[in-house]
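Residue numbers (the numbering used here): 123 to 430. We put the CB at the ideal spot given by N, CA and C, even for glycine. Step one of this worksheet: look at the structure below.
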Amino acid sequence: MPLYLGIDGGGTKTTCAIGDDASVYAVANSSGSNIIRLGEDKARDALQSVIMEACDVAGVDPREITTACVGAAGAANPQVNAKITQIVRQLLPKADVVVVGDMVIAMEATLHSQPGVIAIAGTGSIAYGRNAQGDTARAGGWGHAISDEGSGQWIGRTAIAEVMHACDAGRETVLLERVLNTWNLGTRDDLIRHVNGTKPPSFAELFPVVQKSADDKDEVAVDVLSRAGKELAKLALIVVRRLWKPEELVRIGVAGGIFAHSSQVRRAFYNTIRRGWERTSVCFKIVDPVIGALWLARKQVPAAGAKK
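What follows is the structure in structure tokens.
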């Protein structure tokens with residue numbers, strides 16, 4: 123009986139699922155395996171850890187895996203794709219290994235191979251779509267230094283900027299104290315030195331405190347999350363306008379922790395989408411992208427031309 127393995131290799135978490143043609147045997151998690159951000163050694167350690175744990179829970183020998191599909195950021199880069207493929211083949215010596223963009227597995231999980239657009243917001247962000255003719259397009263996802271609008275990194279960095287603007291204007295915000303506590307800093311000057319250091323912090327770590335502050339009605343936090351939702355909608359609309367005619371209905375799905383945990387982001391995203399393209403069907407049901415990777419492994423079809 124064929125056995126399949128799917129991996130969602132994120133920046134902060136890697137998830138692996140193992141199953142047969144109809145069932146999921148095990149799901150396991152490990153640290154991030156984004157080879158671009160974390161380097162080859164950390165990516166290999168995370169992939170090895172998650173595969174071994176999933177196989178152990180499932181009672182499966184890694185040599186029994188028939189096909190594996192890995193969703194990873196940067197998979198369109200031939201060197202990145204080849205390196206991830208090599209690592210996974212060493213761990214699964216008898217498996218056919220397919221490496222695709224992380225947005226490909228998220229779209230498979232959310233839209234089930236149907237035409238539409240997927241907007242992803244986790245540590246990073248991207249929008250990706252495919253129409254009925256099989257044409258594809260993407261927007262965003264060019265890394266946190268220049269892109270990743272609406273992502274955890276973007277939210278954290280924007281929150282810091284808005285905290286400083288609020289201080290300049292003499293406006294109060296609970297975010298300053300909460301950010302200082304999150305990073306174990308004492309003063310605003312400590313914060314300035316911390317974020318401008320030679321090794322910048324992970325701004326995505328601040329998303330939970332921004333969300334908590336927004337839930338507590340802090341105006342600065344609410345504004346940051348609303349802007350994040352609008353930015354993500356703008357990415358999705360770029361893809362929609364490239365692939366569909368104005369009279370056509372477009373299905374839009376979402377993925378990632380930002381959408382899963384922020385009603386402010388979801389509300390702003392939906393309202394901006396509706397203003398920009400009336401004929402849309404937006405679904406906020408969050409499906410784990412690793413399920414999409416497992417389904418693609420079952421199909422044994424490399425998603426050629428759709429790699430990130």
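Nearest-angstrom Cβ-Cβ length linking A168 and L127, presumed shorter than 8 Å: Not really, about 15 Å apart at Cβ, beyond 8 Å.
Grouping DSSP H, G and I as helix and E and B as strand, with all else coil, what is D130? strand
Is the beta carbon of V149 less than 8 Å from the beta carbon of A165? no
Determine the direct distance from the alpha carbon of I242 to that of T258, and round the result to whole angstroms. 16 Å
Nearest-angstrom Cα distance between E299 and A288? 13 Å
Limits of the unbroken alpha helix (DSSP H) element including S385: 385 to 398
Helix, strand or coil: how does DSSP classify S152 here? strand
Specify the secondary structure class of I242 as computed by DSSP and reduced to three states. strand
Note down the Cα distance separating M123 from E186, rounded to an integer number of angstroms. 9 Å
Is L297 closer than 8 Å to A231 when the C-beta atoms are compared? no
For K339 and Q386, the rounded distance between their alpha carbons: 11 Å
Would you check if the distance between the CB atom of I206 and the CB atom of V222 is smaller than 8 Å? no
Between which residues of its own chain and V423 is the CB-CB distance below 6 Å, once the five residues before and five after are set aside? Reliability fails at V423, whose pLDDT of 41 lies under 50, so the model's placement of it is uncertain and no value is given.
Suppose you measure from the CA of L347 to the CA of W276; what does that come to, to the nearest Å? 10 Å
Hey, could you find the ends of the beta strand (DSSP E) D163 is sitting in? Here D163 belongs to no beta strand (DSSP E); instead the alpha helix (DSSP H) covers 162 to 180.
Can you give me the C-alpha to C-alpha distance between V331 and R397, rounded to a whole angstrom? 30 Å
Measuring straight from C-alpha to C-alpha, what distance separates L125 and T188? 5 Å
Evaluate R349 with the Cβ neighbour count: other Cβ atoms within 10 Å of its Cβ, from every protein chain shown; 16 or more gives buried, anything less gives exposed. buried
Span separating the alpha-carbon of P323 from that of R315: 11 Å
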